[in-house]
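Each remark here refers to the structure printed beneath this line.
Residue numbers (our numbering): 144 to 496.
Encoded structure:
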């Protein structure tokens, strides 16, 4: 079989004898999850995602260069036909070149089965075999060393913390709503998300979520009525105010959510009191179980001190601290004017719907 060589690869690191072996009925599942983690950036070809292997399964984390977007993906042990994690450590950490791995996984069609082992050989490579209709190919991928886990974010959506939660009645509606802004996608364009309180069931046709983006030459707006949501829960503060508006870099929202939203069978959107937006997706798996993905997007900052307000940060940002708690201390560090995520993987492990 063929053995594609990854570009710009370096030596691999292992966690003191820990190893992982797994089998998938369909390599499509791993490819679909990694595709959702691809961020649309200039250096996309060199994008690397963190992979954490443990007795619970595989967890992937991608972070934008501006630290305003984090995308997490999970493949629990139930997603695999077989999954075995062994060794003295609780987890095994590595970084993988996502585009190179995707090219290997797509050598065959989505019907191909997958066997993966890490580490393999004296260089600690990732080894996997793809098989379809009697044809077999073997791939070895050099990974990037992580001697220790990066600092965790903390929970931006801690249990008991007030948050507005939206569940679209039809998952594809969120994808089509976001695609209305695709032609306006540019680094300096902001997406305004307004959540409105509704008084009674008779107002089911009233717009409760309004998305809007504007440039010097054009604008777009999408209004979603109460009937478009299976459930809609706003915080007490939002209900008392009547509505609340948050702003996000449009390109950050589209790059982190569009791929997962397109194929999702379940969607949940959350907003915490600082305006951090969480997009949770259930993706259809071709094998044993469904897949999970979450995109966290930091809001544009407000120099006046009100998270998510309509005024522009003009270079100052409301930075989220390592703890990620509501009301965290502010800092000036991100020239894009966003409340950037500090640290690396671990923003949230909440994948429940």
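Ideal placement from N, C-alpha and C gives every residue a C-beta, glycine not left out.
Keep in mind it's a predicted model, so treat the numbers as computed, not measured.
Asked: Could you tell me the distance, in whole angstroms, from the CA atom of residue 260 to the CA atom of residue 415?; Found: 39 angstroms
Asked: Which residues in the same chain have their Cβ closer than 6 angstroms to the Cβ of residue 214, if we skip the five residues on either side of it in sequence?; Found: 180, 205, 399, 438
Asked: Considering only their Cβ atoms, is the gap separating residue 248 from residue 367 smaller than 8 angstroms?; Found: no
Asked: Using 10 angstroms around the beta-carbon of residue 221, count the other beta-carbons present and answer buried if the total reaches 16, otherwise exposed.; Found: exposed
Asked: Compute the distance between the beta-carbons of residue 332 and residue 245, then report whether it is under 8 angstroms.; Found: no
Asked: Let me confirm a value: residue 171 is counted as buried when at least 16 other C-beta atoms fall within 10 Å, else exposed. Which label applies?; Found: buried
Asked: Residue 443 to residue 354, Cα distance in whole Å?; Found: 15 angstroms
Asked: By alpha-carbon positions, which one of 305, 397, 412, 312 ends up nearest to residue 518?; Found: Outside the shown range of the chain (144 to 496) lies residue 518, about which nothing can therefore be said.
Asked: For the candidate residues 263, 254, 287, 264, whose alpha-carbon lies nearest to that of residue 275?; Found: 254
Asked: Helix, strand or coil: which one does DSSP assign to residue 239?; Found: strand
Asked: Please report the distance separating the alpha-carbon of residue 258 from that of residue 280.; Found: 11 angstroms
Asked: Grab the span of the beta strand (DSSP E) containing residue 215 for me, first residue to last.; Found: 212–219
Asked: Using CA coordinates, which residue listed in 308, 325, 441, 329 is at the minimum distance from residue 382?; Found: 308
Asked: In whole angstroms, give me the CA-to-CA distance for residue 348 and residue 372.; Found: 11 angstroms
Asked: Please state the DSSP three-state secondary structure of residue 396.; Found: helix
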